[in-house]
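One structure is given below, encoded as structure tokens.
In full-length UniProt numbering, the protein residues as written are 1 to 370.
Written out as structure tokens, the structure reads:
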């Protein structure tokens, strides 16, 4: 029987070493490696409860506890959908202290896959040999975009996988177009820490890329009075989980994501969904062949009450490009939906899992936050 091992930043660890932490004195570890191996040790020793923090991308991070059963049930669904099996190779490049990375470890253990764990850097494939066979990977949009822009020779490596997950943030128009080069199915995930990772998937490429999410088998969804999604199933311990996500419910198992309820603002007496504006910005930047990260926010305004602003990461656009961007936005949006100001940040503040911290970025720019 083959000896069970995993690779963490190129260092080989045997499962029996991990169980007993017998490698501590012989192999130097950084903080991230130690945290990752601590989870692995707990999993291999049969620990039944796992404390974890929500990401904090949309509010204050909060600690919750997930059971081993919740993690296993979630993992089994992904393993089945992507036909993952013993001997497959998985790349784990998401922060393992958060649910997305933690669940990659769980899937690796449960499917008995070969686990290649690396730091959650912007281009994780660049760490691996170009001929390294990877069957399954999960990325945040920034990672996938960086791989495709900076190392286009790795697209064939992506195309040889069984399946790819991308989540944690919206997929912009530019990345969506690039994803069409990948032959293997790429799924945009919908989920949260409280549901032990994703509860629904949206196919982004192939002959029939779709705009709606398909809920995984055995989970029930609905709407509350605000029009926000509710979820109930084994991954929520059969308790009704009420989200803050406005959705359009298409069928009992399909929904289209609209945006977060707390992103509906009133400007000049008109209700505007900020995600609609962000979608238009993404499409406009794609037309201008600009892949900068951005977000849309609001600021107090004496006349409008709240005005919409656009915050772009990186070097400022030229006045001519700014004007082109506004022209495109005016063609796509109504008058009160068009950002009234464009601001720039040299770099966005992020969570440890790579999500943009909007309020902290705005504070760095001296802007008002709510």
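Where a beta carbon is used, it is the ideal one built from N, C-alpha and C, also for glycine.
Buried or exposed for residue i, going by 16 or more other Cβ atoms inside 10 Å?
i: residue 16; result: exposed
i: residue 137; result: buried
i: residue 311; result: buried
i: residue 337; result: buried
i: residue 14; result: exposed
i: residue 27; result: exposed
i: residue 108; result: buried
i: residue 49; result: exposed
i: residue 78; result: buried
i: residue 365; result: exposed
i: residue 297; result: buried
What separation, rounded to the nearest whole angstrom, lies between the Cα atoms of residue i and residue j?
i: residue 260; j: residue 94; result: 24 Å
i: residue 91; j: residue 167; result: 15 Å
i: residue 329; j: residue 209; result: 25 Å
i: residue 6; j: residue 33; result: 12 Å
i: residue 46; j: residue 54; result: 23 Å
i: residue 363; j: residue 334; result: 28 Å
i: residue 325; j: residue 186; result: 29 Å
i: residue 4; j: residue 86; result: 11 Å
i: residue 180; j: residue 237; result: 37 Å
i: residue 130; j: residue 302; result: 56 Å
i: residue 110; j: residue 40; result: 12 Å
i: residue 140; j: residue 171; result: 9 Å
i: residue 121; j: residue 321; result: 30 Å
Please go through the same chain and pick out, in chain order, the residues whose beta-carbon is closer than 7 Å to the beta-carbon of residue i, but skip the five residues on each side of it.
i: residue 263; result: 273, 274 and 275
i: residue 23; result: 13 and 17
With DSSP as the reference, identify every bridge partner of residue i, one or two as the case may be.
i: residue 203; result: 187
i: residue 227; result: In the DSSP output, where bridge partners are listed per residue, residue 227 has none listed.
i: residue 257; result: 247
i: residue 136; result: 90 and 163
i: residue 343; result: 311
i: residue 301; result: 305
So the candidates are the options; which of them puts its Cα closest to the Cα of residue i?
i: residue 229; options: 190, 280 and 352; result: 190
i: residue 44; options: 142, 35 and 20; result: 20
i: residue 244; options: 233, 226 and 252; result: 226
i: residue 339; options: 304, 320, 357 and 360; result: 304
i: residue 345; options: 322, 316, 182 and 327; result: 316
i: residue 104; options: 131, 165, 268 and 81; result: 165
i: residue 204; options: 240, 64, 177 and 289; result: 177
i: residue 373; options: 68, 29, 139 and 146; result: Beyond the ends of the chain as shown, which are 1 and 370, falls residue 373; an answer cannot be given.
Once you ignore the five residues that flank residue i on each side, which residues in its own chain have a CB closer than 6 Å to its CB?
i: residue 57; result: Only weak support exists for where residue 57 lies, its pLDDT of 48 falling under 50; the coordinates are left without a value.
i: residue 114; result: 89
i: residue 242; result: 224 and 230
i: residue 249; result: 223 and 255
Apart from the five residues on each side of it in sequence, which residues of its chain come closer than 8 Å, Cβ to Cβ, to residue i?
i: residue 299; result: 306, 307, 309, 341, 367 and 368
i: residue 133; result: 89 and 160
i: residue 184; result: 158, 159, 160, 161, 162, 163 and 164
i: residue 35; result: 96 and 97
With 8 Å set as the bound, which would you pick, yes or no: does the beta-carbon of residue i sit closer than that to a beta-carbon of chain D?
i: residue 98; result: Absent here is chain D; the protein component of the structure consists of one chain.
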